[in-house]
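In this text, residue positions in the sequence shown follow the numbering used here: the first is 8, and each later residue adds one.
Reviewing the structure listed below.
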Amino acid sequence: MKLVIKAAAFSAFLALAACGGSDAGDNIQAAADNQAAALENEASNLSDQADNATGNAADSLENQASALENQADNVQAAGENAADAADEAAANKQ
Numbered sequence: 008m009k010l011v012i013k014a015a016a017f018s019a020f021l022a023l024a025a026c027g028g029s030d031a032g033d034n035i036q037a038a039a040d041n042q043a044a045a046l047e048n049e050a051s052n053l054s055d056q057a058d059n060a061t062g063n064a065a066d067s068l069e070n071q072a073s074a075l076e077n078q079a080d081n082v083q084a085a086g087e088n089a090a091d092a093a094d095e096a097a098a099n100k101q
């Protein structure tokens, strides 16, 4: 599932980067921010479930939440890099 999310995010970044123009970087960053927010929300939901669980189930949910938070950070960083690349490409076209 993580690979699918990352692949979808990366392909979205590439598609937006291909658009060119000065708004491409902003669009890429917005898409990354939106995806990161969704991952953080899912992590928060898992943390809430962990609060209501006990023992190994709680530990497992907290680990999943932590992994999603890390993935959100990675998506945001990838978005920033792709946005910078799109901005640089747009500047080089001018």
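Using N, Cα and C, we set each Cβ at its ideal position, and we do this for glycine too.
The structure presented is a predicted model; accordingly, all values stated were derived computationally and were not measured.
Nearest to residue i by alpha carbon, out of the options?
i      : options                    : result
Leu75  : Asn34, Ala44, Asp30, Asp33 : Ala44
Asp5   : Asp30, Gly32, Ala31, Asn41 : The question about residue 5 has no answer, for the chain in this structure spans 8 to 101.
Ala38  : Ala97, Ala89, Asn52        : Ala89
Ser67  : Asn99, Ser54, Ala97        : Ser54
Ala50  : Glu69, Ala96, Gly86        : Glu69
Ser102 : Ala97, Asp30, Ala84, Asn48 : With the chain covering only 8 through 101, there is no way to say anything about residue 102.
Assign residue i to buried or exposed, taking buried as 16 or more other Cβ atoms, counted over all protein chains shown, within 10 Å of its Cβ.
i     : result
Gly62 : exposed
Ala31 : buried
Asp94 : buried
With a cut-off of 8 Å, does the C-beta of residue i fall near any C-beta of chain C?
i     : result
Leu68 : Among the chains of the structure shown, chain C does not appear; only one protein chain is present.
Below 8 Å CB to CB, which residues in the same chain sit around residue i once its five sequence neighbours on both sides are set aside?
i     : result
Leu46 : Ile12, Leu75, Glu76, Gln78, Ala79, Val82
Ala60 : Leu68
Ala84 : none
Ala65 : Ala57, Asp58
Please work out which residues of its chain come closer than 6 Å, Cβ to Cβ, to residue i, disregarding the five sequence neighbours upstream and downstream, and give them in chain order.
i     : result
Gln36 : Gly86, Ala90
Ala99 : It should be noted that the sequence gives Asn, not Ala, for residue 99. Within the same chain, Asn99 has no close Cβ partners at all.
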